[in-house]
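What follows is a single structure, written as structure tokens, with notes after it.
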Ligand SMILES: NC(=O)c1ccc[n+]([C@@H]2O[C@H](COP(=O)([O-])OP(=O)(O)OC[C@H]3O[C@@H](n4cnc5c(N)ncnc54)[C@H](OP(=O)(O)O)[C@@H]3O)[C@@H](O)[C@H]2O)c1
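Numbering (my numbering), first residue to last: 298 to 622.
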């Protein structure tokens, strides 16, 4: 089978496409014929050795995929060969086949194509967990989403609207904000052109945002925490800007606010039933047309490096997908 391989940590340009033997699924695994693989920010980090997981070389990047079950290990009960499934692989999806533990595999709902399914799990799973279990977002509350046109950000805009919040989308350009607006955002802030804190103040009558969804970190976090409402919750989702911020905790005291960590992968493992319930809700909203995942660009397997660079160079909107079949 063909696979994109990382043989040493380095930039996306150092990835190579090679023919290698197919993986053998273990007893608890399925073998997936990959049709499409979603690109996520961790793919930019894992090839550079900057992610929390460092797989042994050579490995294929690609944290999630959608395709057809080719074979199942004897302990896998819930899917069978021929089923259309989506899978969270961690790495390995930028290849024609990948072996993945059964518990990380879900049937694709009827009416969802492979590209959408490959773009759905990580971003919507993360943002649903963040807004539901971690923020307890309530109808009528104000949700501020940073990086609102990116993968997890755009999902947070849509889920926030589906949960009945007033959504303020914040991003670094007018083009990116237009994408968030089309996804349902009520108000827009261009943080490359104006002060996030001042704009949030204006839009909330001085109150601040009840829930802040932050996948960016760095300087934006520093401003965002100063834009939070009394009893607000700031969701620590990621650090796409490259800097992990530090918090003077008096800011939390003054607003009676909480800074809340979000780690969807760990949640899905520790609370699989809650994660499943989240996905049942997400699939229902998708079927009702409330969620419209945006796949803005697709690349063939041999251009996986360009797909990763689209995210790493801050050019992507919505989701980028590597199309394998
Ligand atoms: N906690 C979890 O469970 C979890 C799960 C999935 C992902 N994440 C994290 O969430 C973050 C976003 O992931 P994603 O897949 O949604 O990525 P993405 O699609 O690339 O979106 C990231 C957004 O961050 C903003 N950004 C600011 N500075 C950037 C920079 N230097 N380079 C790239 N983007 C920059 C960009 O928006 P603007 O240009 O508008 O600022 C971009 O749209 C990552 O840190 C990822 O590791 C966390």
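In this text, a Cβ means the ideal position worked out from N, Cα and C, and glycines have one as well.
{"query": "Does at least one heavy atom of ligand 1 sit under 8 Å from the Cβ of residue 468?", "result": "yes"}
{"query": "If we ignore side chains and look at the alpha-carbon of each, how far apart do residue 504 and residue 527 end up?", "result": "8 Å"}
{"query": "Indicate the three-state DSSP secondary structure (helix, strand or coil) for residue 439 in the structure shown.", "result": "strand"}
{"query": "Does any heavy atom of ligand 1 sit closer than 8 Å to the C-beta of residue 332?", "result": "no"}
{"query": "Would the beta-carbon of residue 468 fall within 9 Å of that of residue 447?", "result": "yes"}
{"query": "What do you get for residue 511, buried or exposed, if any count of 16 or more other CB atoms within 10 angstroms of its CB means buried?", "result": "buried"}
{"query": "Hey, could you find the ends of the beta strand (DSSP E) residue 425 is sitting in?", "result": "Element bounds for residue 425: not the beta strand (DSSP E) but the alpha helix (DSSP H), 418-426."}
{"query": "Can the beta-carbon of residue 449 be found closer than 9 Å to that of residue 423?", "result": "yes"}
{"query": "Do the region 369-377 and the region 316-332 touch if we need at least three Cβ pairs shorter than 8 Å?", "result": "yes"}
{"query": "Does the Cβ of residue 418 lie closer than 8 Å to at least one heavy atom of ligand 1?", "result": "no"}
{"query": "In chain order, what residues of the same chain have a beta carbon less than 6 Å from the beta carbon of residue 594, not counting five sequence neighbours either side?", "result": "617"}
{"query": "What separation, rounded to the nearest whole angstrom, lies between the Cα atoms of residue 367 and residue 461?", "result": "41 Å"}
{"query": "Let me check understanding here. Comparing Cα to Cα, which of 523, 518, 513, 336 lies closest to residue 536?", "result": "513"}
{"query": "Taking 9 Å as the cut-off, decide whether the C-beta atoms of residue 452 and residue 425 are in contact.", "result": "yes"}
{"query": "If you draw a straight line from the alpha carbon of residue 508 to that of residue 582, how long is it in whole angstroms?", "result": "21 Å"}
{"query": "Less than 8 Å separating the Cβ of residue 576 from some heavy atom of ligand 1?", "result": "no"}
{"query": "Whose C-beta lies closer than 8 Å to the C-beta of residue 309 among residues of the same chain, with five residues either side of it excluded?", "result": "341, 344, 601, 602, 603, 605, 606, 609"}
{"query": "Please determine if the region 545-561 and the region 405-412 are in contact, where contact requires at least 3 C-beta pairs separated by less than 8 Å.", "result": "no"}
{"query": "Answer with buried or exposed for residue 629, where buried requires no fewer than 16 other C-beta atoms within 10 angstroms of its C-beta.", "result": "Examination of residue 629 is not possible in this model, given that the chain is present from 298 through 622 alone."}
{"query": "Taking 8 Å as the cut-off, does the CB of residue 523 come closer than this to any heavy atom belonging to ligand 1?", "result": "no"}
{"query": "List the endpoints of the continuous alpha helix (DSSP H) containing residue 341.", "result": "338-343"}
{"query": "With 16 as the cutoff for other CB atoms within 10 Å, does residue 394 come out buried or exposed?", "result": "buried"}
{"query": "Is any beta-carbon of chain B found at less than 9 Å from that of residue 489?", "result": "Considering every chain present, this structure includes no chain B. It has just one protein chain."}
{"query": "For the beta strand (DSSP E) containing residue 396, list its first residue and its last residue.", "result": "394-398"}
{"query": "So, under 8 Å CB-CB, residue 302 and residue 599 are touching, yes? Tell me the CB distance rounded to an integer number of Å.", "result": "Their Cβ separation, rounded to whole angstroms, is 12 Å, which puts residue 302 and residue 599 out of contact at 8 Å."}
{"query": "Could you check whether residue 391 and residue 346 sit closer than 9 Å to each other, using their CB atoms as the reference points?", "result": "no"}
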